[in-house]
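Down below is the structure, laid out as structure tokens.
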Amino acid sequence: MLLNSFNLILSIVIATCLVILQETMSNMFWLITIDMPVTIGIFLNTYFSNLFLMNLGGAIPIIALIAIGFLVAYLVTKILLIWVNLSKSYAYALAGAAAILAIVLLMPLAFYNLDVLAGGRSFLGKSILVFFGLISGYYFGNSLEKERT
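Numbering (my numbering), first residue to last: 210 to 358.
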């Protein structure tokens, strides 16, 4: 039980770090397109600043937003796995992807058509974020399968 809780928290942290990485990369690519000099040092400094400030400095901490989405998606998945015979790794991977997709698609509706996750403004950005949710969910589901054996 304690290991499951740890893996759940780690899954949320992995998703948060990856989402913020995508946000930072999206902004850095935009700066490069307008001929701003972006170095590795600037990128790393910006990433770690975003990691800190997007989780502690904003009105809505990204980690809390992702945690709520993952908890709802994982709970629904746990209930569905009672009736559906599917690998936990794949089921929770789909749940993680669905959670991030819901966040990316529903947040603009809550904030007057403003994308809270700037990296999710384009289709490619949304796809990358959903893929990161899939990776995090797969990690969580895989950890549950390993514990079972």
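All C-beta atoms, glycine included, are put in the ideal place defined by N, C-alpha and C.
Inter-residue Cα distance where the pair is residue i and residue j
{"i": "I269", "j": "N294", "result": "37 Å"}
{"i": "E354", "j": "T242", "result": "44 Å"}
{"i": "F261", "j": "V285", "result": "30 Å"}
{"i": "G342", "j": "I229", "result": "12 Å"}
{"i": "G328", "j": "P317", "result": "13 Å"}
{"i": "S331", "j": "G350", "result": "29 Å"}
{"i": "A307", "j": "A282", "result": "7 Å"}
Three-state secondary structure assigned by DSSP to residue i
{"i": "Y321", "result": "coil"}
{"i": "G346", "result": "helix"}
{"i": "V222", "result": "helix"}
{"i": "V293", "result": "coil"}
{"i": "V339", "result": "helix"}
N- and C-terminal bounds of the alpha helix (DSSP H) containing residue i
{"i": "I269", "result": "It is not in any alpha helix (DSSP H) - I269 carries neither H nor E in the DSSP assignment."}
Below-8 Å beta-carbon distance, residue i vs any chain D residue
{"i": "I275", "result": "Among the protein chains of the structure shown there is no chain D, as only one such chain exists."}
Residue of the options minimising C-alpha distance to residue i
{"i": "A224", "options": "S258, I275, V247, Y256", "result": "I275"}
{"i": "L310", "options": "L326, K297, Y299", "result": "L326"}
{"i": "V222", "options": "G305, V313, Y299, D324", "result": "G305"}
{"i": "Y299", "options": "L280, I277, S345, I271", "result": "S345"}
{"i": "L280", "options": "E356, S220, S352", "result": "S220"}
Decide yes or no for the touch test of the stretch 242-255 against the stretch 333-351: beta carbon pairs closer than 8 Å, at least 3 of them. no
Touching by the beta-carbon criterion (3+ pairs, under 8 Å), the stretch 211-219 and the stretch 229-236: no
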